[in-house]
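**Q**
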Amino acid sequence: MWNKRLTDALLSLGFMGSKADISLFYMSTPVMGNNPVHIKALLAQLQSQFAVRDLGTLSYFLGIAATWTKEGLFLSQHNTDDSCNPVTTPISPASKLSSSGGIPFSDPTLYRSSCHLVAVKRILRYIKSTSAHGLFLSPTSTTLLHGFTDSDWGGDMDDRKSTTGFAIYLGNHLISLSSRKQCVVSRSSTEAEYRALAAATSELTWINPFQHLSTHGQSAHHLSASLYPFIPFSFLNFPSGDIER
0 MWNKRLTDAL
10 LSLGFMGSKA
20 DISLFYMSTP
30 VMGNNPVHIK
40 ALLAQLQSQF
50 AVRDLGTLSY
60 FLGIAATWTK
70 EGLFLSQHNT
80 DDSCNPVTTP
90 ISPASKLSSS
100 GGIPFSDPTL
110 YRSSCHLVAV
120 KRILRYIKST
130 SAHGLFLSPT
140 STTLLHGFTD
150 SDWGGDMDDR
160 KSTTGFAIYL
170 GNHLISLSSR
180 KQCVVSRSST
190 EAEYRALAAA
200 TSELTWINPF
210 QHLSTHGQSA
220 HHLSASLYPF
230 IPFSFLNFPS
240 GDIER
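Residue numbering for the sequence shown follows numbering that gives the first Met the number 0, beginning at 0 and increasing consecutively.
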C-alpha cells in the first residue's frame, strides 16, 4: 500500500513513471533543474504528505562516500582495514582455484581450505591498496554509450564454465560493471566471447530507456568485444578436447 500511495502522490505532482524501472519517476520537462525555488516547493509538497526531511548535500549513502568538487562528484569507499599490506592485483594471475584444491581446515567455520583463505586475504589487501580510488562524475555533453566486453575460456577448474566481463560507459563515466560466470559450458573461445557480448547487449538494452528520459530519444551506442566481428565464426572455432569430453 505504501508504494501505491507514493506512486499516486508523485504522479499527482507531475512526475511520470519509468517503464524500465518501476522505482524511477521523472518529469518530461526540465522544470526543476538546479533551481532552489522549485526544489524547495517540491520538497514542501512532499512533506505535506510524507515524513520527508532535507538532509542537505549528499555526503554518504549506502557505504559510498560522496565528495563534491568544482569539477564534479567523486564516489569512493575508503573505510578499510589499515592493518592489511596492500597489493596491486586482487588475485595472482597464475592462481587456479578449485573446490577440491588446498588443505582443508580442521575447523570448517574458519574457512574451507588454506588456499582459498589466502585468496580472500589477498582481495582484502587489494581493497586496501585501492581505497583512494573511486568514480569521478562530471558534467558532459556526450550521451554516447560505450560497451566493452571480454571473457576467459573454461576458466573454472570444476565445471569448465567461462567468466563474462563487461563495462558500460556513458561518455567517460562508468555506469555499469559486471564479472559473472556463464551459465553453460562454451565449447570454443569464440562462443564464450559471444555470450559475453550478448550479456553486455542485454544490459545496454535495459539502460537505453533511461538515457531517452534526458536526451529526448537522441542516443548512440558502441560495443567493443575482444573477438573479430568480421571473420566467420567457423574460422575461430577451435574446440578443446578437455571441454568437449
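Note that beta-carbon positions come from the ideal geometry of N, C-alpha and C, so glycine has one too.
#1: Would you list the one or two residues that DSSP bridges to Arg179?
#2: Tell me the rounded alpha-carbon separation between Ser58 and Gln76.
#3: Quick one, are the C-beta atoms of Ala8 and Trp205 less than 9 Å apart?
#4: Could you pull out every residue in the same chain whose Cβ sits closer than 7 Å to the Cβ of Asn2, ignoring the five residues on either side in sequence?
#5: Determine, using beta carbons only, whether Ala8 comes closer than 9 Å to chain B.
#6: Does the segment 47-55 touch the segment 87-95, meaning 3 or more C-beta pairs lie closer than 8 Å?
#7: List the DSSP bridge partners of Tyr25.
#8: For Phe165, count the other beta carbons within 10 Å of its own beta carbon; 16 or more makes it buried, fewer makes it exposed. Which is it?
#9: When you compare each of Gly100, Leu12 and Ser130 to Gly62 by their alpha carbons, which one comes out closest?
#10: Can you tell me whether His145 is buried or exposed? The criterion is at least 16 other CB atoms within 10 Å of its CB, across all chains shown.
#11: Can you give me the C-alpha to C-alpha distance between Leu23 and Gly16, rounded to a whole angstrom?
#12: Could you give the DSSP three-state label for Gly216: helix, strand or coil?
#13: Evaluate Gln46 with the Cβ neighbour count: other Cβ atoms within 10 Å of its Cβ, from every protein chain shown; 16 or more gives buried, anything less gives exposed.
#14: Could you tell me which residues DSSP puts in a beta bridge with Pro103?
#15: Between the beta-carbon of Arg194 and the beta-carbon of Ser161, is there less than 9 Å?
#16: Out of Thr142, Gln44, Thr108 and Val86, point me to the one whose CA is closest to Ala118's CA.
#17: Quick one: is Leu42 buried, meaning 16 or more other Cβ sit within 10 Å of its Cβ, or exposed?
#18: Quick one, are the C-beta atoms of Cys83 and Gly101 less than 9 Å apart?
#19: According to the neighbour-count rule (16 or more other Cβ atoms, all chains shown, within 10 Å of its Cβ), is Gly13 buried or exposed?
#20: Whose C-beta lies closer than 6 Å to the C-beta of Glu70 among residues of the same chain, with five residues either side of it excluded?
#21: Let me know the secondary structure DSSP gives Asp53 once reduced to three states.
**A** If we stick to the structure as given:
#1: Paired residues: Thr163.
#2: Answer to the nearest angstrom: the Cα atoms are 12 Å apart.
#3: The answer is no: Cβ separation not under 9 Å.
#4: Apart from the 5 residues on each side of it in sequence, Asn2 has no Cβ closer than 7 Å to any other Cβ in its chain.
#5: Among the chains in the structure shown there is no chain B, since it carries only a single protein chain.
#6: Under the Cβ criterion (8 Å, minimum of three pairs), the segment 87-95 does not count as touching the segment 47-55.
#7: Per DSSP, Met15.
#8: By the 10 Å Cβ count, Phe165 comes out buried.
#9: The shortest C-alpha separation from Gly62 is found at Ser130.
#10: Buried, because 16 or more other Cβ atoms sit within 10 Å of the Cβ of His145.
#11: Those two C-alpha atoms are separated by around 6 Å.
#12: The predicted model places Gly216 with a pLDDT of 48, which falls under 50 and marks its position as unreliable, so this point remains unresolved.
#13: Label assigned to Gln46: exposed.
#14: In the DSSP secondary-structure assignment, Pro103 is bridged to Ser112.
#15: Yes, the pair counts as a contact, with Cβ atoms nearer than the cut-off.
#16: When each option's Cα is compared against that of Ala118, the closest is Val86.
#17: With a 10 Å radius around the Cβ and a threshold of 16 neighbouring Cβ atoms, Leu42 comes out exposed.
#18: Gly101 sits away from Cys83, with the two beta carbons spaced by 9 Å or more.
#19: It counts as exposed.
#20: Within the same chain, Ser137 come within 6 Å of Glu70 by CB-CB distance, once the 5 residues on both sides are set aside.
#21: Coil at Asp53, not helix or strand.
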